[in-house]
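What follows is one structure encoded as structure tokens, with my remarks underneath.
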Amino acid sequence: MASMGMDSKVDDLEARLRTKVESLSGFADEETQAAKLDAVFRHFDSDKSGFISFDEYNAALVRLNFVGVQAAVAALFDRYDADGSGVLSYGEFSACLFNLKPNVAGNPETRSAVERVRRVIAERGGLNGIRTLARIMATMDDSGNRKLDRDEFKYGLRDYGLELPEKDFDKVLTAFDRNGDGVIDFDEFLRGVRGKLNKRRRDLILMAYDVLDKDGSGIVDRRDIEAAYDVSQNPDVVSGKKTADEALTEFMSQWEGATTTDGIITREEFLDYYKDVSASVDDDDYFELMIRNAWHISGGEGWAENTSCLRVLVVHTDSSEEVVEITDDLGLRADDMPAIKARLRRQGVKNIAAVKLGM
């Protein structure tokens, strides 16, 4: 018999974990079962923060006698580590596992329906599809409580151009309607559609923020972003769907509601924006290339290698030549030769006789 796919193995592990905790709790109700699992995790929470690392989580599952299924154990951790931070809120994990909170990840049919929704959002709205849908839903929220009833939710999706088959609509609604009253929290829905941000992508996003925050102060404003962002590398500009001016205007508009009154954009806000973008990009290598090129981050391997950093031909005093990538070229003008030479020297390039562009 063919082996199960990893999603199926993780679904099976979840079911076994629920059965185990159900037995340990004396077949109590779901809230008691969640509290029982919390107590197991809390024992391994060394700093009592309410969060556990993978090693602490793994030790807890070993205590529950889940051994010999390491790949599924790791994949279960990744399923609930939605932001790729490497830590889990075990209270939230337990609540989702026992269906006390929306649990898209743990239900195969709902997971499939939400994935279809995500793909349509990506196709219709591009990189900013989720944020566009969020704005539409906010206009449907007459009460201002971030909740929508069945009709408001359906019309919000329809206004976006998303007509779901009734079967898929019912699955999605049920997943996010915790009280069975026909009302959903649309922030929970958007989080579910956004899906998981893996560690590789998270690290790249934070690397881009660090490029902007050169002094490590945590202070980046809209002017910093507008000056540094290479709109020529925007996928819609590259594909010809939008002009550079159109793409830049759309990109900068994304920060208007995310910034504080003093115009500062925090690491969390920057990360949140790219979490939404990430949901529209399936391939990790393409996501890496997009981030590296937009913010001129040198490096990457293979298809993900940066192609936007300035490359020049350096002629040395001994007449030898080499093509050199300037690894930190943000704000560097191609016609400012003294600054280019200074950056090259800072990179350790020596004995520069001349520098030629156009490589």
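The sequence shown begins at 1 in the UniProt record's numbering and counts up one residue at a time.
Cβ atoms here follow ideal geometry from the backbone N, Cα and C, with glycine treated the same way.
Computed from a predicted structure; not experimentally measured.
Annotated three-state conformation of Ile326 is coil, per DSSP.
Beta-bridge partners of Ala354 (DSSP): Val315.
Annotation: Ile52 is outside any alpha helix (DSSP H); the continuous beta strand (DSSP E) that includes it extends over Phe51 to Ser53. By the C-beta criterion, the segment 218-234 is judged not to be in contact with the segment 142-154, since fewer than 3 inter-stretch pairs fall below 8 angstroms. Leu64 places its beta carbon less than 8 angstroms from that of Lys20. Beta bridge pairing from DSSP links Ile184 with Leu148. In terms of Cα proximity to Asp11, the closest of Ala59, Pro108 and Ser25 is Pro108.
Note that the segment 120-138 does not touch the segment 77-91; fewer than 3 beta-carbon pairs, one per stretch, sit closer than 8 angstroms. Residue environment: Phe51 is assigned as buried (16 or more neighbouring CB atoms within 10 Å of its CB, all protein chains considered). Spanning the alpha carbons of Ala113 and Val172 requires a straight line of approximately 7 angstroms.
The UniProt domain "EF-hand" (68-103) is shown to contain whole beta strand (DSSP E) runs of 3 or more residues at 87-89, in chain order. Looking at the backbone, the Cα of Asp213 and that of Arg202 are separated by about 16 angstroms. Counting the other Cβ atoms within 10 Å of the Cβ of Glu288 gives 16 or more, which makes it buried. Counting along the chain, no alpha helix (DSSP H) covers Pro165, and no H or E run does either.
When beta bridges are read from the DSSP output, Asp221 appears opposite Ile264.
DSSP places Glu301 outside both helix and strand once states are collapsed to three, so it counts as coil. Straight across, the Cα-Cα distance linking Asp221 with Tyr229 is about 12 angstroms.
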